[in-house]
Each structure stands twice: as structure tokens, then as C-alpha cells.
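The structure appears below as C-alpha cells.
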Amino acid sequence: MNRKSKKLICLGLEGTAEKTGVGIVTEDGEVLYNNTIIYKPPLQGINPREAADHHAETFIKLLKDAFNNVNPKDIDLVAFSQGPGLGPSLRVTATAGRALALSLNKPIIGVNHCLGHVEIGKLTTPAKDPLTLYVSGGNTQILAYVGNKYRVIGETHDIAIGNCLDQFARSCGLPHPGGVYIEQMAKKSKDNLENRGNYLKLPYTIKGMDLSLSGLLTAAIKKSKDTSGNHTLEDVCYSLQETAFAMLTEITERALAHTNKSEVMLVGGVAANDRLKEMLQKMCNEQNVDFYVPEKQYCGDNGAMIGWLGILQYKNGKRTDLADTKIMPNYRADMVGVNWINNEDNIKINEAQRLIPENLIGKGAEADIEIIDYLGNKSIKKTRIVKGYRVNELDILIRQRRTVKEARFLNNVKNLGICTPTVYDVNKDENSIIMEFIDGVSLKDYILSNYSPNNPNLKNLLIRVGESIAKMHNENIIHNDLTTSNFMVSQDNGLCNESNIKLYVLDFGLAKYTDVFEDRAIDLIVLKKALISTHYKQFDEIWNNILEGYKISKDYDKTLKMIDKVEKKGRYL
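No gaps in the numbering here: position 317 of the sequence shown is 316 in numbering that gives the first Met the number 0, and each next residue is one more.
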């Protein structure tokens, strides 16, 4: 390359798991070089030491090839993936980055692997401020930019989707990476009565904007070992993929309803799956938002994404000394201070929110909300609508169960002295509930409109939020979708509270009875993340007030210790 300008050029090194990547990118986003070599382990899965050896061998090959395309003298900056990832892989990558920076006498910068996926997606698609679903072998997260950070809005509680698919594939003797072969086999599943695959019932576990995949994996492996002849391995692959991807699509839809973003972007290695892209596209069409996914070479791990993020951070003042290039295997996306996004420009982008049909007063993640007249009373009709991204029998089962469950829990929780809308009628055929109309606003909007430091009315309201949760937990009721969108504040003279500010708890479609303390902790963690995503500046004050109210819980100390334990397990990467 003959350098004709003085545009900043960065060489990016990627090596966090089984892929070695080298990319060279200019400051105006031109990708001059991008190539990846994948380590394909035998059936036992990725061996961290063997993966590290693979990086050591292939970085040399890729760098030679890169420098045949771009003169090493034109490189201005070296960026490397500092984490998260496998320790041995990260160490080789960091060592290669240091050696290269020293030999070229150029600055070095360590970057977050997860945010590399997000930023290369924004570079290569029209996305401006998307809600991002990041799915890979080691990560499953929903990310949104809020207040100088990419906040983790939702995530897996146990294993990542890529790991889930790989483990299932290994148990069935399929090659690595498992997702590719599962997708191929899923297409061969046939239902004799319908023109689609033969769906087998599997666990479907959603907790607010989070999900759990371990139970699904165990059940799928068990069905794959079933020799009764009632189904084939292709049927299990089809059912595993349909269930897992429907869960991913649903939590993305829930996060979309909470954040009100107008774009969804899919990134990560699993983003190459056509069925997942199809599901998300259908959901985005139903929610009237735009959907983006980078071209295939930028979905999986690659060096260009590391180089591009390196440029963004370097141009905006970040510098990394050699002494600070230690690897960070648990480097979460929300640990990074984002200095490369102009907040004023981002506020203007945020003004373009998803469109709600005129006939509705609300469109949630799973239901349409409209005002109707019921026996002379102004009422709300909540209808759980068909989800085109889910297979029919799974969709019917979910909508019917949640409709009946919500009506039951609304009444049961009201009996605890907690305000909930009064249920007037339940229609199981159309999966709808007619309930009392509440003239109020969501707790989310109330906080945004009424917050001021140490506001006594808001403080008392937040304490009551904590008390309401504690009352439910004391009776072993887990809401499973505690967000500030699922509390409503109404200012009128009522019977539920001494104050004229009434607090209602809504949307019990995911609720359950359980005495498992981890479920209580996760209930509060879901709320905690929802607060951080929309009220990050006031989070500490808001959270402390909620915990003050939660002290009436019979097991306050035990639950808080469990929250700390769950958050320290390192499961949320």
C-alpha cells in the first residue's frame, strides 16, 4: 500500500477463544485487511491450551499475509482483545500485541472484545443507536448505550447460546462449531402434517429480559438419547434451535419494549444463523423497528472489529501503557467507559423511537393494550398476540399459560394488600384479559419526570416498591419480570395506601411460586439491571431506597447475600 494520506491506521489482533484474527482498519472505517483462521478441535470441545497454541502459530501466518497487503510502516496503532475470553488465548494475543507494538515502535491499546462486535456492526450497517443482541460461544447479552456506557440490559443466567449448541453437538457426535451442523440438521426435520419441522416440547425459561439455557440443554440431550423411535436427531436439533432462538428473540423484544429503541442489531458468531435472523426480523417487523446484522465476515470474531474499536478509543483520548496490558478474562462490556459517542448526537438519534399503532395505548413485548368499554366501565383489554417468530404449538402454549397465570396472580397478589388492576374477564380463546383501567404512568416515567435528590415523595414511593416485592417474596411469589415498566403510579385517592399516590404492580405472566432463594435474588437483579439501564445517574439512591423497603422481607440478609453470590459467580460475562 502506498500511503497517500495521514489517516490513522490500526492493526487489530483477535484471539479470545478458537479464532485467530488480524485486521487492518483506517480511521474513516475502510477495512484494508481482515482474515481469520479457526481452530477446529476434536469432539471433546475447545482445549484452552491447544487454542492458545493455535493462536501462536496462526498469528505469524496472518501477520505475514497482512503485511503483504499493507506496509507495516503504515501502521500507526496496535489494538488487541484484552478480554473477556479464555486465559491462555488472551495471554498469547496480548503477548503478540506487545511484541508487535514494540517492534513497530507504535502505541498499543487493549479493547473489550464484546464492544468490538457492537462497533463493527455499527460501522458496517446503517445502525446508529441499536439495541444489540450479542450471541456467541462465550457470551449472550443484550446491550444498549445509556449514559457513557453500554449497559447489559439482559443476559444468560448460566451458559451462552453458542456454548449450549456446541455442548449439544458434542453429545451427539457432531463436529465443532456445533451451531452450523445443528442448523443443517434442523432443516431436515419434517412434520408429516405440516410443511415444517417436527417440534418437540422443551423447557422455555425466561426471567424478565434474561434467560436460562442449561435446562433446555439437558432436556435436549436427553431427547437425543431416546431410542423409542418417536422422533429423530433432526427433530431434536430443530426443536432445540426453535426453542433457544425464540427465547433470545423474546428477551430482545422485552428489552426493546423497556428501552423503546428504534433499532435492533444482531452480532456475534451465532448471528450467522439464518433461522435466528429470520426470527428477529419478524419480531422487528411486528414492533415497527429496523433490524440490522453485519455481513458474515464481521459476525464472528475478527481482527477488524478490534482495530476499529482501537481507533475509536485512541482518537478520543484513551492510551494504554505496556504495564496496563494485562489480560482481563472477565472483562464485562459495562466496565468500559465509552468516550467515543457524542451524547448530544445520541439524544437526537434517540428521538426516533418505535412506533405504536394508533388504536393502541401500549404495545408491550407480548401484548397489545387498548382501552375499551366493559359493562359501562372504562377498561383495559390486554391481548397476547400471535408471535410469528415462534412455532405455532409453542406460541399457543406460551400465550395460554401466561394469560391464565397473569389473571390468577393479579388476584392473589391483591389479597396481600398490594395494588393490582382488578380483573373483570379472561378470554382463553383469544388469550386476553379485561381489567381495571389505571389512570397513571409507569414507574420508569414517574422517576424520569419527578426525580430530584432526596425527594421525600419519591423516596417513600421507592420504599413501597421494595415493600411490595418483599411481601410477594414472603409468600414465595416470584414476579420474574420486575422492571420499572411493570410498576404503575397513579395519583388519586384510593384505598390501597394512606398516600394519594398509589403504586400498582403489573404483568404477572412470568410469575411463579417458589421458595428457592436464588430466584428471589434474580428477581431483584432483573430490577437492578432495569434501573441501571434507564436511571443510571440516580441508581444508587433509587436502589438503596428500594432495599430499605425490602427490609420487611423475612429473609432480607439471606437474599442480599444471594444477590452478591449470584453476581460474583462470573456467569454474567
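Glycine included, each C-beta is placed from N, C-alpha and C at the ideal position.
By the Cβ neighbour-count rule, serine 88 is buried, with 16 or more other Cβ atoms within 10 Å of its own. One Cα belongs to asparagine 453, the other to lysine 511, and the distance between them is close to 35 Å.
In this structure, the straight-line span from the alpha carbon of aspartate 320 to that of alanine 100 is close to 11 Å. For methionine 327, the three-state secondary structure derived from DSSP is coil.
The alpha helix (DSSP H) runs lying completely inside the segment 222 to 290 and spanning 4 residues or more are 232 to 258, 273 to 286, given in chain order.
Proximity to threonine 123 across Lys60, Gly361, Leu265 peaks at Leu265, based on C-alpha coordinates.
By the Cβ-count criterion, glutamate 392 is exposed, with fewer than 16 other Cβ atoms from all chains shown falling within 10 Å of its own Cβ. The three-state secondary structure of threonine 382, taken from DSSP, is strand.
DSSP places cysteine 171 in the coil class of the three-state scheme, outside both helix and strand. Aspartate 367 and arginine 150 do not touch by the CB rule: their CB atoms are close to 28 Å apart, not below 8 Å. Secondary structure at arginine 400: helix, using DSSP grouped into helix, strand and coil. Under the 8 Å Cβ criterion, the segment 294 to 302 does not count as touching the segment 373 to 380, having fewer than three qualifying pairs. Taken in chain order, the unbroken stretches of beta strand (DSSP E) that lie wholly in the segment 387 to 453 and span 3 residues or more are 422 to 426, 431 to 435. Of Gly22, Asp209, Arg97, Leu114, the smallest CA-CA separation from asparagine 34 is found for Gly22. C-alpha of proline 83 to C-alpha of threonine 324: approximately 13 Å in a straight line. Per DSSP, asparagine 111 lies in no alpha helix (DSSP H); the unbroken beta strand (DSSP E) holding it starts and ends at 107 to 111. A straight-line Cα-Cα distance of about 10 Å links isoleucine 59 and threonine 19. Between the alpha carbons of arginine 195 and glutamate 294 lies a distance of about 27 Å.
For tyrosine 180, the uninterrupted alpha helix (DSSP H) run begins and ends at 177 to 185, by DSSP.
The three-state reading of DSSP puts threonine 15 in coil, since its state is none of H, G, I, E or B. Per DSSP, methionine 208 is not a residue of any beta strand (DSSP E), being assigned neither H nor E. For leucine 530, the uninterrupted alpha helix (DSSP H) segment begins and ends at 516 to 533.
Judged by their CB atoms, glutamate 249 and alanine 364 are nearer to each other than the 8 Å cut-off. Within the segment 107 to 160, the complete beta strand (DSSP E) runs of at least 3 residues fall at 107 to 111, 130 to 134, 139 to 144, 149 to 154. Here tyrosine 198 carries a coil assignment [DSSP, helix/strand/coil]. When secondary structure is reduced to three states using DSSP, cysteine 163 falls in the helix class. For glutamate 17, the closest C-alpha among the options Pro40, Ile433, Val263 is that of Pro40.
In the DSSP assignment, glycine 309 falls outside any beta strand (DSSP E) and lies within the alpha helix (DSSP H) extending over 302 to 314. Boundaries of the beta strand (DSSP E) harbouring methionine 487: 486 to 490, taken from the DSSP string. DSSP, reduced to helix, strand and coil, places valine 464 within a helical segment of the structure shown. In this structure, the straight-line span from the alpha carbon of aspartate 444 to that of glutamate 357 is close to 20 Å.
Residue pairing of threonine 319 in beta bridges, as defined by DSSP: Ile107. Serine 238 sits buried, since 16 or more C-beta atoms from the chains shown fall within 10 Å of its C-beta. CA-CA distance, glycine 153 to lysine 528, rounds to 8 Å. Relative to the Cα of proline 202, the nearest Cα in the group Glu241, Thr483, Ser170, Lys189 belongs to Glu241. The segment 249 to 262 makes no contact with the segment 227 to 235, as fewer than three CB pairs between them are under 8 Å.
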